[in-house]
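Below is one structure, written out as C-alpha cells, with a few remarks after it.
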Amino acid sequence: MSNLEFKYMQTKKGILDFAEPKLRQVAEKIDCFFVDLGCTDYVKTIYVGYEINGEMVAALYPHPDHLEIALSLDETFVHPLIGTADHLSWRTLPVSAVITKAMQFNSLKPVFKVAFSRVLNGNHAVSRDNEYFRKKRGSQRGRIASGRSPKVSKKVKLKKSSSKIQKMK
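Going letter by letter, the sequence shown gives residues 3 to 171 in the working numbering.
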C-alpha cells in the first residue's frame with residue numbers, strides 16, 4: 003500500500019469505500035443518521051466512531067461483504083441483527099449489528115436511536131474492565147492450546163440460503 007493509499011484510508015470516505023458498492027451507500031446512510039442525531043463523528047484506522055458529549059454511541063466497521071456497527075446497548079438487548087461484540091474489545095459497546103443487505107438498515111434505525119438516547123440521557127451503564135477482556139482472551143488461548151476451538155457465545159453466522167442471521171451457541 004502506498005503512502006497516498008494509506009492516507010486515503012484514514013479519511014471517512016476511504017473507510018466507507020472499503021465496503022462493496024451496495025453496502026457503501028448504506029454505510030453513508032448510517033453515517034448521516036448518527037450525525038443527524040447529533041453525534042460527533044471521527045475517523046480511526048479501521049472504523050468511523052460516533053460520540054455525544056465525549057461518550058461513545060457507535061463505531062462503524064465496513065467490511066467487503068457486510069457492515070458491522072458496535073453499539074452502546076445493554077448486552078441483553080434483543081434484535082435479530084444484534085450479536086456480541088466481544089471480538090472488538092470495546093468497554094462500552096458490548097453488542098454489534100451486522101448488515102448484509104441494504105433493506106436491513108431501516109429495521110436498525112430505532113435501535114440506533116435507543117443507543118443514542120442511552121448515552122445522551124446518561125442511562126448507558128455498561129463499562130467492561132480490563133479483567134473481563136483478560137479472562138476472555140485467557141479462556142480462548144487455553145482452548146486453542148488444548149486443540150479445542152475457541153468458545154464463542156452468540157456468534158453471528160450468515161446463512162447462504164437466506165438473508166436471516168442465525169445465532170449460534
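Virtual Cβ for every residue (Gly too), placed ideally from N, Cα, C.
Local Cβ density within 10 Å of residue 106, reported as buried at 16 or more and exposed below that: buried
Reference residue 120; option with closest CA among 26, 79, 14: 79
Spatially closest choice to residue 94 from 103, 74, 112, by CA coordinates: 74
Stretch pair the region 21–30 + the region 60–71: three plus CB contacts closer than 8 angstroms: yes
Coil, strand or helix - residue 76 by DSSP: coil
Buried/exposed call for residue 104, threshold 16 Cβ in 10 Å: exposed
Check whether residue 90 and residue 117 have beta carbons under 9 angstroms apart: no
DSSP bridge partner residues for residue 86 (one or two, in chain order): 97
CB of residue 77 within 9 angstroms of CB of residue 97, strictly: yes
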